[in-house]
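Structure, as structure tokens:
2 protein chains.
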Amino acid sequence: MPNWSDPLPMKVVRVSCRQISPRIGDLAANVEMSTEAVRSAIAESADIIVLPELVTSGYVFESNAEVASVAVTLGHPLFAGWANALSGRRGSVVIGGFAEAGPGGEHYNSAAIVDADGVVAVYRKTHLWDREKLWFRPGERLPPVIDTAHGRLGVAICYDLEFPELIRHLALAGADLVAVPTNWPLVPRPTGERPPEVVIAMAAARINRIAIACCDRLGAERGQVWTGGTTVVDVDGWPAATAGESDVATADLDLGAARVKTLTDHAHAFDDRRTDLYGGG
Amino acid sequence: MPNWSDPLPMKVVRVSCRQISPRIGDLAANVEMSTEAVRSAIAESADIIVLPELVTSGYVFESNAEVASVAVTLGHPLFAGWANALSGRRGSVVIGGFAEAGPGGEHYNSAAIVDADGVVAVYRKTHLWDREKLWFRPGERLPPVIDTAHGRLGVAICYDLEFPELIRHLALAGADLVAVPTNWPLVPRPTGERPPEVVIAMAAARINRIAIACCDRLGAERGQVWTGGTTVVDVDGWPAATAGESDVATADLDLGAARVKTLTDHAHAFDDRRTDLYGGG
Chain P
1 MPNWSDPLPM KVVRVSCRQI SPRIGDLAAN VEMSTEAVRS AIAESADIIV
51 LPELVTSGYV FESNAEVASV AVTLGHPLFA GWANALSGRR GSVVIGGFAE
101 AGPGGEHYNS AAIVDADGVV AVYRKTHLWD REKLWFRPGE RLPPVIDTAH
151 GRLGVAICYD LEFPELIRHL ALAGADLVAV PTNWPLVPRP TGERPPEVVI
201 AMAAARINRI AIACCDRLGA ERGQVWTGGT TVVDVDGWPA ATAGESDVAT
251 ADLDLGAARV KTLTDHAHAF DDRRTDLYGG G
Chain L
1001 MPNWSDPLPM KVVRVSCRQI SPRIGDLAAN VEMSTEAVRS AIAESADIIV
1051 LPELVTSGYV FESNAEVASV AVTLGHPLFA GWANALSGRR GSVVIGGFAE
1101 AGPGGEHYNS AAIVDADGVV AVYRKTHLWD REKLWFRPGE RLPPVIDTAH
1151 GRLGVAICYD LEFPELIRHL ALAGADLVAV PTNWPLVPRP TGERPPEVVI
1201 AMAAARINRI AIACCDRLGA ERGQVWTGGT TVVDVDGWPA ATAGESDVAT
1251 ADLDLGAARV KTLTDHAHAF DDRRTDLYGG G
């Protein structure tokens, strides 16, 4: 039986994105701010907490040396700090982005999944956006799906979301919710429209019958303006919470609905795929 | 050089969807109405005309005998009628759905691409929705991409759109625009939201840098209410025209933009795919 067909009884999960703004190159300040964000989310009874991409480092790097100055391994105390901030509500998890120092001196744009006991899993971004390619090595593995007390959790980072192949992989691997740390550069859009990345998240959620929680940034860094598009999308593909100009988007989601891929008596979101024609598991 | 990287000079193409309502089981009336719709679109200088799914037959069948009574082969004069309606504006094409009679007595939910000389290509729907499975055999080939005077045209039918694998296939095969004859059953959505199928089309267009023209239906048939969601989506993923309560959605699109898959100096919508991790061409 595939993972996505295990029944999960109706389960309301509080998902909270904390749209905070790291300071480029200031690891200590960013660790403190991100840990405080976890703590405040726990105070609001969050089950799953999502932080932005590269939240401990900032994004708009100017040199490899600058990346190296903020890159950390999984042994860095920041992860124990996040775990400690979760300890008041065991079972809760945080997903946050960081610059990872690899074993050979290379760097990755990574996201950690951390629970009260420490790091559960790490994902190295596989689709690097634009100048990230100057600083980071692409990950060599698709993201994991992790069993948690609050359902199965997948992770993707920013530009990954624009590759439906990756989200499909996570859904087929059983993800109920995909946490997406992002830094969305502001792009033009027609008046009244949502950011295009949110439209893409809505479609991906609806098609795969999963929730998607995107945690973006506000403000600007070295001239790069961010979208502030933080949005929690439900299993039907509709925005359940947006941060707007605030720091927080929190929604209570029924993740049990993510295990139901049956659409009608004769239609099924996954079984109806024509893998005989286009491949895929 | 892959198809999608051939340059196409800035080319404004008039795409017109005609959201007409066939009468279930009345082939003669539907042929007349659909031919008239082609004629009226040509009178408005349309280059690419899209009609609904199963426009010559209706949709909510009650028996195989009923399907058989309206199923046609490509030799049926209706296609010559569509071709003739196009003859005042050579180079224009129409894409419309019909019930196809197969060689062994089986039926397909098909779409024909027709130009002033006749049928150019036929696609048999590969993802059958719900009770369509009672009446139709699924197609055994992915849809074609056809070179026309107005750019490269792909086709998909209704539920096909909810499988990003299929749209990706068409985009990689060089489609500038995907025509999507549909019959969208009305489903609940939050106030102020677009139909979910339109959100899915917007995301698919944006991700693949192609235009998508969905021609839906209005009204009801045997109790089934339709969405009336007809929308022409541009290469950036934004709706350029919607029919709303009218019969027509027409937009002038720059299809030359569909040949540009480069997003930034260091980012490319297709080259950035990680086919080493998830397969695909």
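Those protein sequences? They're chains P and L, same order as listed.
With the working numbering, the residue at position 114 of the first sequence is 114, and numbering never jumps.
With the working numbering, the residue at position 201 of the second sequence is 1201, and numbering never jumps.
Even for Gly, the Cβ is constructed at its ideal location relative to N, Cα and C.
Point to revise | Same chain, Cβ closer than 7 Å to P/A37, neighbours up to 5 away in sequence not counted | key: Result list for P/A37: R18, I20 and L51, in chain order.
Practice item. Evaluate P/A179 with the Cβ neighbour count: other Cβ atoms within 10 Å of its Cβ, from every protein chain shown; 16 or more gives buried, anything less gives exposed. Key: buried
**Study point:** Three-state secondary structure assigned by DSSP to P/R189
**Key:** It is coil, neither helix nor strand.
Check your understanding: Are the beta-carbon atoms belonging to P/G139 and P/V114 less than 9 Å from one another?
Key -> no
Practice item. Output the distance between the C-alpha atoms of L/P1185 and P/R14, rounded to the nearest integer angstrom. Key: 32 Å
Point to revise | Cα-Cα separation, L/D1176 to L/V1260 | key: For L/D1176 and L/V1260, the gap between their C-alpha atoms comes out near 10 Å.
Check your understanding: With a cut-off of 8 Å, do at least 3 Cβ pairs link the region 79-92 of chain P to the region 116-131 of chain P?
Key -> yes
Check your understanding: Can you tell which of P/D271, P/A29, P/A156 and P/S63 has its C-alpha closest to the C-alpha of P/V55?
Key -> P/A29
Check your understanding: If the cut is a Cβ gap below 7 Å, which residues of chain P does L/K1125 touch?
Key -> Within chain P, no C-beta atom comes nearer than 7 Å to that of L/K1125; the closest sits roughly 10 Å away.
Check your understanding: Is it right to say P/T191 is buried, meaning 16 or more other beta carbons lie within 10 angstroms of its own, or is it exposed?
Key -> exposed
**Study point:** Where P/T73 falls: helix, strand or coil (DSSP)
**Key:** coil
Practice item. Determine, using beta carbons only, whether L/T1184 comes closer than 9 Å to chain P. Key: The question names Thr, yet the displayed sequence has Trp at residue 1184 of chain L. Not closer than 9 Å to any Cβ of chain P, the Cβ of L/W1184 fails to qualify, so no.
Exercise for review: Would you mind listing the alpha helix (DSSP H) stretches within the region 193-230 of chain P that are 4+ residues and don't spill past its ends, in chain order?
Suggested key: With a minimum length of 4 residues, the continuous alpha helix (DSSP H) runs that stay inside the region 193-230 of chain P are 196-208.
Exercise for review: Quick one: measure Cβ to Cβ for L/V1067 and L/W1129, integer angstroms, because I've assumed they're closer than 8 Å.
Suggested key: Not confirmed; about 15 Å, so no contact.
Review point. How about L/V1199 and P/R206: do their beta carbons lie closer than 9 Å?
Key: yes
Check your understanding: How would you label L/P1181, buried or exposed, when you count the other beta carbons within 10 angstroms and need 16 or more for buried?
Key -> Buried, by the Cβ-count rule.
**Study point:** Neighbourhood of P/R89 by C-beta distance below 6 Å, restricted to the same chain and skipping five residues each side
**Key:** So the qualifying residues of the chain are I42.
Check your understanding: Going along the chain, which residues of the region 1194-1222 of chain L sit with their C-beta nearer than 8 Å to a C-beta in chain P?
Key -> P1196, V1199, I1200, M1202, A1203, A1204, R1206 and I1207
Review point. Chain L beta carbons: is any one of them nearer than 9 Å to that of P/W226?
Key: no
Review point. If the cut is a Cβ gap below 7 Å, which residues of chain P does L/F1163 touch?
Key: R273, listed in chain order.
Review point. Around the C-beta of L/G1174, are 16 or more other C-beta atoms found within 10 angstroms, so that it is buried, or is it exposed?
Key: Burial call: buried.
Check your understanding: My guess is that P/E245 and P/G228 are in contact by the Cβ rule of under 8 Å, so how many angstroms apart are they, rounded?
Key -> 7 Å
Point to revise | Cβ pair P/Y123, P/I157 closer than 9 Å | key: yes
Practice item. Anything in the region 1106-1133 of chain L with a Cβ closer than 9 Å to a Cβ of chain P? List those residues in chain order, please. Key: Within the region 1106-1133 of chain L, the qualifying residues are T1126, H1127, L1128, W1129, D1130, R1131, E1132 and K1133.
Practice item. Mark P/D272 as exposed unless 16 or more other C-beta atoms lie within 10 angstroms of its C-beta, in which case mark it buried. Key: Counting the other CB atoms within 10 Å of its CB gives P/D272 a total of 16 or more, which places it among the buried residues.
Point to revise | beta strand (DSSP E) segment containing L/I1095, residue limits | key: V1093 to A1101
Exercise for review: Indicate the three-state DSSP secondary structure (helix, strand or coil) for L/R1141 in the structure shown.
Suggested key: coil
Practice item. For L/A1149, count neighbouring Cβ atoms within 10 angstroms of its own Cβ and tell me buried if that reaches 16, exposed if not. Key: exposed
Practice item. Along the beta strand (DSSP E) that carries P/H107, what are the first and last residues, could you check? Key: H107 to D115
Point to revise | Any chain P beta carbon closer than 9 Å to L/A1269 | key: yes
Point to revise | Cβ-based burial, P/D160 [other Cβ within 10 Å; buried from 16] | key: buried
Practice item. Would you please verify whether the beta carbon of L/P967 is less than 9 Å from any beta carbon of chain P? Key: Any property of residue 967 of chain L remains undetermined from this structure, which presents chain L solely from 1001 to 1281.
Practice item. Work out the CA separation of P/E162 and P/E197 for me, nearest whole Å. Key: 8 Å
Practice item. Check whether the Cβ atoms of L/E1100 and L/A1071 sit closer than 9 Å, and answer yes or no. Key: yes
Review point. Would the beta-carbon of L/S1110 fall within 9 Å of that of L/I1049?
Key: no
Check your understanding: Cα-Cα, which of P/H266, P/D216, P/G280 and P/A249 is closest to P/P22?
Key -> P/D216
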